[in-house]
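Heads up, the thing below is written out as structure tokens.
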Amino acid sequence: MTANGEPEENQWVDDQAGPVVRPYAVTRGRARPVTGTFDLISLVTATRADAAPEAGLGPEHLAIVGLCQRMQSVAEVAAHLDLPVGTIRVLLGDLVARELVQVREPRATAGVPDDSVFEAVINGLRAL
């Protein structure tokens, strides 16, 4: 029993709590996507106007397709759906495999500039 007399098991489940589903349940226990790695800044776009419910797709999959009608980063998708990034990566892998979304990975940079570039910037800022 809690301090206000309610049974302890009902303390965490009420109308305001929303659905309580563990991330591993959403991904069916999978920790890695079937395809892709999906950087946080990878851009996701839906390839169809809407995705009809298909076998094997959950409501989270459909929510991603709906959200990505406008280009979103992987981090934005995770934030909007309030799911861990690892879970989003697994779901994106499913959607890429079904060609429901397209993911554009960030371009690789040629490398980090050496210290002389940073020193020149600092010196230029000090001269202002």
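Heads up: the sequence shown at position 41 corresponds to 40 in numbering that gives the first Met the number 0, and the numbers run straight through without jumps. Backbone N, C-alpha and C define an ideal beta-carbon position, used for all residues, glycine too.
Using a 10 Å radius around the Cβ and a threshold of 16 neighbouring Cβ atoms, would you call residue 40 buried or exposed? Here residue 40 corresponds to residue number 41 of the sequence shown, with the count starting at 1. Residue 40 comes out exposed.
Just to confirm, are residue 59 and residue 91 a CB contact at a threshold of 7 Å? As a position in the sequence shown, residue 59 is number 60, starting the count at 1. As a position in the sequence shown, residue 91 is number 92, starting the count at 1. No, the pair does not count as a contact, with Cβ atoms beyond the cut-off.
Nearest to residue 57 by CA position, among 35, 72, 22, is which residue? Taking the sequence shown and counting its residues from 1, the one referred to as residue 57 is at position 58. Minimum Cα distance to residue 57 is reached at 22.
Taking residue 33 as part of the beta strand (DSSP E), name the residues at either end of that continuous run. In the sequence shown, residue 33 corresponds to position 34, counting from 1. For residue 33, there is no enclosing beta strand (DSSP E), as DSSP gives it neither H nor E.
Using the three-state DSSP reduction, which class does residue 103 fall into: helix, strand or coil? Residue 103 sits at position 104 when you count from the first residue of the sequence shown. It is a strand residue.
With a cut-off of 8 Å on the beta carbons, I'd call residue 102 and residue 37 a contact; round off their distance for me. Mapped onto the sequence shown, residue 102 falls at position 103. Mapped onto the sequence shown, residue 37 falls at position 38. About 6 Å separates the two Cβ atoms, so the contact holds.
DSSP three-state assignment for residue 45, whether helix, strand or coil: Position 46 of the sequence shown, counted from the start, is the residue given in the question as residue 45. Correct three-state label for residue 45: strand.
When we look at the beta-carbon of residue 64 and count the other beta-carbons within 10 Å, is it buried (16 or more) or exposed? In the sequence shown, counting from the first residue as 1, residue 64 sits at position 65. A residue is called buried once 16 or more other Cβ atoms fall within 10 Å of its Cβ, and residue 64 is buried on that count.
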